[in-house]
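Have a look at the structure below before the remarks.
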Amino acid sequence: APTVDELGRKYRRSFDGTAREVKQHLDEALDDHDGLLSTLQVQSMYGSETYTWKRKNLKGAIQFVPSTGEIRCTGSEEQRVFLIDLCKDWTQPWGGDVPVPRKGKAKGKAKGSKGKGKGKGRPQHGDLGSLYLSRSSRGWEHDDRDRGPTGGHVGGFVAGYGGDTAMGGDGGRSGSPSGGRSGSGSPYMDR
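If you count by UniProt numbering, then the sequence shown holds residues 1 to 191, one letter each, in order.
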C-alpha cells in the first residue's frame, strides 16, 4: 500500500514559471489555443497566493503556488490522473514537503445533528386538548399532559361543553355559554 507521502507526491508537480504560463500550457494541451474554455482565479490559501485553473466540462482543478512552484491536482482519482498527465511534459517531479493530513472529526452524520424529529404521538403545535392520542403499553390513550387546573380549556368555555366547574360555572346546567354565571356573558369570570 502506498504511504501518505507517496500519494501526496503522485498528484504534485514542480514548475518554475508564472501562473499565466501554467494556463497557456494547459490550454494548449487541450487544444484551446485562445484559452476561452478555462479560467484562472487567484485565491489566498495556506498563507500565500494560489491560482486555481478550471476548465468547462472538467470537474477537477489544478492549483499553482508561484512562491514554491507547486502544482496540485484536485478532484476525483480519475480526474487527478488525467490532469497530472497533462502536466508531465512541461513540469518536474515535486521535491518539496507533502503536508500530512490532520486527524479530524469522523465523516458522516453526527449524532443528533438534525434535531429530534417529530416525536411519537406528541403534539407539535402546543396542547390542543384531548385531540391527540398517545401510544402506551396499554394501547391508545388520551394525552393528559400539561393541561393545568382547567383541563386545557381556555376561560372555562369550550364549544359543545357548556362550561367548566373549575372556573366557577355550573358545569353547563343553566344552558348559557357562560356556564350560569351572571354578568356580561363573557367566558371569563367577572372581576
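We treat Cβ as the ideally placed atom computed from N, Cα and C, and that holds for glycine.
Does the separation of the CB atoms of residue i and residue j fall below 8 Å?
i, j, result
"K56", "Q79", "no"
"F15", "V4", "no"
"H25", "W90", "yes"
"S44", "S67", "no"
"P101", "R13", "no"
Sort the options by Cα distance to residue i and report the nearest one.
i, options, result
"G95", "G69, D85, D27, A1", "G69"
"R20", "L86, S38, P99, C73", "S38"
"G8", "A29, L36, T74", "T74"
"G35", "K103, W53, T18", "W53"
"L83", "A1, Y11, E6", "Y11"
"Q41", "P101, V100, R102, I62", "I62"
"A29", "E6, T18, D85", "D85"
"G17", "V65, E6, D27", "V65"
"D97", "E77, D31, R72, K103", "R72"
With DSSP as the reference, label residue i as helix, strand or coil.
i, result
"F15", "coil"
"K56", "coil"
"G156", "Unreliable placement is indicated for G156, whose pLDDT of 49 sits below 50; the coordinate value is still reported in the next sentence. G156 falls in the coil class under three-state DSSP."
"G29", "Reading off the sequence shown, one finds Ala at residue 29, where the question assumed Gly. A29: helix per DSSP, three-state reduction."
"A1", "coil"
"V22", "helix"
"L40", "strand"
"T91", "coil"
At what residues does the alpha helix (DSSP H) containing residue i begin and finish?
i, result
"V81", "77 to 87"
"V4", "4 to 10"
Within the continuous beta strand (DSSP E) that includes residue i, where are the two ends?
i, result
"R72", "70 to 74"
"V65", "61 to 65"
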